[in-house]
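UniProt numbering puts the sequence shown at residues 1 to 59. Even for Gly, the Cβ is constructed at its ideal location relative to N, Cα and C. All remarks here apply to the structure that follows.
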Amino acid sequence: MNDKLLYRIPEVAEHLNISRSKVYELLKSGELPSVHIARTRLVRKVDLEAYVQSLPEAS
Numbered sequence: 001m002n003d004k005l006l007y008r009i010p011e012v013a014e015h016l017n018i019s020r021s022k023v024y025e026l027l028k029s030g031e032l033p034s035v036h037i038a039r040t041r042l043v044r045k046v047d048l049e050a051y052v053q054s055l056p057e058a059s
């Protein structure tokens, strides 16, 4: 990841290697928090990192 503090939904999807619709599911369920600035939904870098850390490791 780079020095950005906020990520747009397509960037989150690309980083997690999932679809945008799956990102929206995570947002709706509360698993991945977001913020609104104007009419744009963004994910904070710290929330994205925390979500990744919360994922179970593959065995």
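For residue 5, which of helix, strand or coil comes out of DSSP? coil
Taking residue 23 as the reference, give the member of 36, 6, 43, 5 with the closest Cα. 43
So, helix, strand or coil for residue 20, using DSSP? helix
Quick one: measure Cβ to Cβ for residue 7 and residue 31, integer angstroms, because I've assumed they're closer than 8 angstroms. Not a contact, Cβ separation roughly 16 angstroms.
In terms of residue numbering, what span does the alpha helix (DSSP H) encompassing residue 75 cover? Any answer about residue 75 is impossible in this case: the structure gives the chain only from 1 up to 59.
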